[in-house]
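Beneath this line is the structure, given in structure tokens, with notes to follow.
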Amino acid sequence: ENALLKRFIDYTIRIDFPHLGKPDNDTYLQWFAEVCMRTAEMIVHWMRVGFVHGVMNTDNMSILGLTIDYGPYGWLEDYDPGWTPNTTDASGRRYCYGNQPHIAKWNLVQLANAIFPIIQDEVGLKNALDQYRQTFQKGWSDTMAQKLGLQKFHESTDEEIINDLLDILRNVETDMTLFFRALAEINTNTEDNPKSASTHFESAYYQPETLTADYLQKVSAWLGKYRQRLRKDDMPFEQKKARMNAVNPKYVLRNYLAQLAIDKVEEGDNSLVYELLDVLRHPYDEQPGKEKFATKRPEWARNRPGCSMLSCSS
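In our numbering, the protein residues as written are 10 to 323.
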């Protein structure tokens with residue numbers, strides 16, 4: 010039904026991508042390239058805040074670069090690239106946090122296959138898909154630089170700093186959201202030792218008693234390199250902190266918070282739903298009196314259904 014497929018593509022361009030102009034062969038490739046870039050930008054933001062969609066089937070993706078049709082979703086608590094909130098994905102972890110950029114690319118390939126009968130330009134479609142890769146890689150590098158409070162990403166120095174940090178976060182159970190908010194408090198004018206590194210990030214460690222001397226030494230050494238890099242930017246501390254807190258949320262919808270709200274609703278009390286809605290409207294702001302929503306997942310929620318993983322039917 011190629012005639013119908015062409016009508017569908019033309020309609021989509023006219024309604025949702027009118028800035029591209031009249032649908033024709035050149036417009037089709039521009040359209041697909043824009044879909045690739047919008048998707049890449051969306052995935053960058055998912056990764057930035059630790060959001061995990063849970064079910065990235067092709068029919069759960071939008072060509073507009075919008076987050077839609079998320080069922081068993083969640084936010085990373087401890088930084089674990091292999092984490093998935095979906096019980097049905099637990100064995101293969103196809104849709105885990107760390108796989109999301111690759112799955113988005115795979116989905117775009119399937120879209121390219123679907124529209125190929127109309128476009129019939131394999132090279133053009135591959136070039137558009139490469140724009141996804143380029144857009145994501147640049148977006149992720151720039152985003153990580155922002156999360157670290159750097160003025161601009163410099164590959165020669167910053168790639169190593171970023172990769173070393175992600176390795177450190179993986180080594181022990183570290184809350185991603187809390188870690189980056191605590192990192193914003195680091196001042197370039199002070200020095201670290203392993204003990205102070207432990208104290209500074211204590212709120213982000215789920216099992217601080219398990220931290221080894223070797224691990225704390227690695228954190229301290231990384232902080233030393235990080236401070237040296239910050240000094241190159243020579244950015245005032247308050248400005249650096251504000252930049253970091255503008256991209257690193259303080260509040261995210263942790264699964265256990267959602268489950269607590271559900272528990273109250275089942276008792277006929279909607280108050281926690283409304284309170285969470287109010288808090289999450291301003292996820293980057295300091296909100297006095299709401300600090301209870303910016304703490305580690307309690308131990309009782311580690312394996313409780315609804316607080317750790319969900320099924321598609323949830």
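Ideal Cβ positions, reconstructed from N, Cα and C, are used throughout, including at glycine.
Exercise. According to DSSP, is T199 helix, strand or coil?
Worked result: coil
Exercise. The alpha helix (DSSP H) with Y141 in it runs from where to where?
Worked result: E131 to K156
Problem set entry | Residue of Q296, Q140, W149 and F189 minimising C-alpha distance to L85 | F189
Problem set entry | Chain-order list of residues whose beta-carbon lies under 6 Å from that of T186 (same chain, five-residue window excluded) | V261
Exercise. Which two residues bound the contiguous alpha helix (DSSP H) that contains G233?
Worked result: A222 to D242
Problem set entry | C-beta contact flag for Q119 and T152 at 7 Å | no
Exercise. Taking C-alpha atoms, which residue in R306, T199 and P258 lies nearest to F60?
Worked result: P258
For this session: Express the C-alpha separation of G91 and R179 in angstroms, rounding to a whole number.
Result: 10 Å
Problem set entry | Y293 - DSSP class collapsed to helix/strand/coil | coil
For this session: Inspect the CB distances between the segment 31 to 43 and the segment 123 to 139 and report whether three or more fall short of 8 Å.
Result: yes
For this session: Starting from P32, trace the alpha helix (DSSP H) both ways and give me its first and last residue.
Result: Note, P32: premise wrong, no alpha helix (DSSP H); not H, not E.
Exercise. What does a CB cutoff of less than 6 Å around R47 pick up in its chain, not counting 5 residues either side in sequence?
Worked result: G74
Exercise. Enumerated in chain order, which unbroken segments of the beta strand (DSSP E) with a length of 3 residues or greater are wholly contained in the segment 94 to 126?
Worked result: none
Problem set entry | Cβ neighbours of T93 in the same chain (closer than 7 Å, five flanking residues each side left out) | V61, G63, A99, R102, Y104 and C105
Problem set entry | Bridge partner(s) assigned by DSSP for V61 | G83
Exercise. How many Å lie between F17 and P292 at the Cα?
Worked result: 38 Å
Exercise. Taking the alpha carbon of K4 as the point to measure from, which residue in R142, E211 and A230 has its own alpha carbon closest?
Worked result: This structure cannot speak to residue 4, because the chain is shown only from 10 to 323.
Exercise. Can the beta-carbon of P110 be found less than 7 Å from the beta-carbon of I72?
Worked result: no
For this session: Give the single residue among F246, R313, E168 and P27 whose Cα lies nearest to the Cα of N198.
Result: F246
Exercise. Which one or two residues does DSSP pair with M70 in a beta bridge?
Worked result: T76
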